[in-house]
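The sequence shown lines up with residues 0 to 180 when you count with numbering that gives the first Met the number 0.
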Amino acid sequence: MVRILSFVLVAIGLLGGVEQAAAAARDVVDRETLKNFVLEAKSLLESAQDEAARAAILETFRTDEEWRHGPIYIFITSYDGVGFFHATQPEREGLNNIDSEDSNGVKITQQNIAAAQDGGGFTEYLFDNPAIAGEDESTKVSYVAPIEIEGASYYIGAGLYIDSAQTNVAPISWGRLKGQV
Numbered sequence: 000m001v002r003i004l005s006f007v008l009v010a011i012g013l014l015g016g017v018e019q020a021a022a023a024a025r026d027v028v029d030r031e032t033l034k035n036f037v038l039e040a041k042s043l044l045e046s047a048q049d050e051a052a053r054a055a056i057l058e059t060f061r062t063d064e065e066w067r068h069g070p071i072y073i074f075i076t077s078y079d080g081v082g083f084f085h086a087t088q089p090e091r092e093g094l095n096n097i098d099s100e101d102s103n104g105v106k107i108t109q110q111n112i113a114a115a116q117d118g119g120g121f122t123e124y125l126f127d128n129p130a131i132a133g134e135d136e137s138t139k140v141s142y143v144a145p146i147e148i149e150g151a152s153y154y155i156g157a158g159l160y161i162d163s164a165q166t167n168v169a170p171i172s173w174g175r176l177k178g179q180v
């Protein structure tokens, strides 16, 4: 009886859906955690055995707070600049953003494509931060990595607003430092 119950629990765990992120969106606070978050998402998506599994994973990226928290979310874009998946703005899916640029003239999508084609890397640009009211752009650092989906080349990525990271991390670090004195 115990063996049967153990088997059932293991089967439920294996079939119960998409696993939780080891590098959760809420834990992304710097370049290292950002990179780990993206690489884990890539690994999970590459593990999909079929289209239904891939669709379930993408839906999890869109709805589960382990994968989407505040301004931290997953996006996937083709090397032609067409949005394949965007966790927070599904209306961007199917749109060509190859020429999108920030207020400094940085070609955001082209920069991300180049980094992914080099095997993955960090990019930096100005982007509208939904956490800050107004029209001002904030510095955003993204990590992108190459990924193949059904034989087509894409990049998968996520970004971190530097202003948010400094705002969220600095007071905690200062508080801990004061507590040590």
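Where a beta carbon is used, it is the ideal one built from N, C-alpha and C, also for glycine.
| Asked | Found |
| --- | --- |
| Under 8 Å between C-beta atoms of Y72 and A157 | yes |
| Option in L44, L43, V27 and I75 with minimal Cα separation from V143 | I75 |
| Close-in-space but distant-in-sequence residues of the same chain around R67 (CB under 8 Å, 5 per side omitted) | A24, F60, R61, I73, A86 and T87 |
| CB-CB length for N96 against L125, believed under 8 Å | Incorrect: roughly 15 Å between the Cβ atoms, too far for contact. |
| Assumed close pair T122, A114 - CB separation to whole angstroms, cut-off 8 Å | 5 Å |
| Cβ distance (whole Å) where L43 is taken to contact I56 below 8 Å | 6 Å |
| Cβ separation of V105 and L33, assumed to be a contact under 8 Å, to the nearest whole Å | Not a contact, Cβ separation roughly 18 Å. |
| Contacting residues, own chain, Cβ-Cβ under 7 Å from G69 (five flanking each side not counted) | A130 |
| Rounded straight-line distance, which links the Cα of E50 to that of N167 | Reliability of the predicted coordinates at N167 is poor, the pLDDT of 41 falling under 50, and the value obtained from them is presented with this limitation in mind. So the alpha carbons of these two residues sit roughly 38 Å apart. |
| Beta-carbon proximity list for A47, same chain, < 6 Å, skipping 5 on both sides | R53 and I56 |
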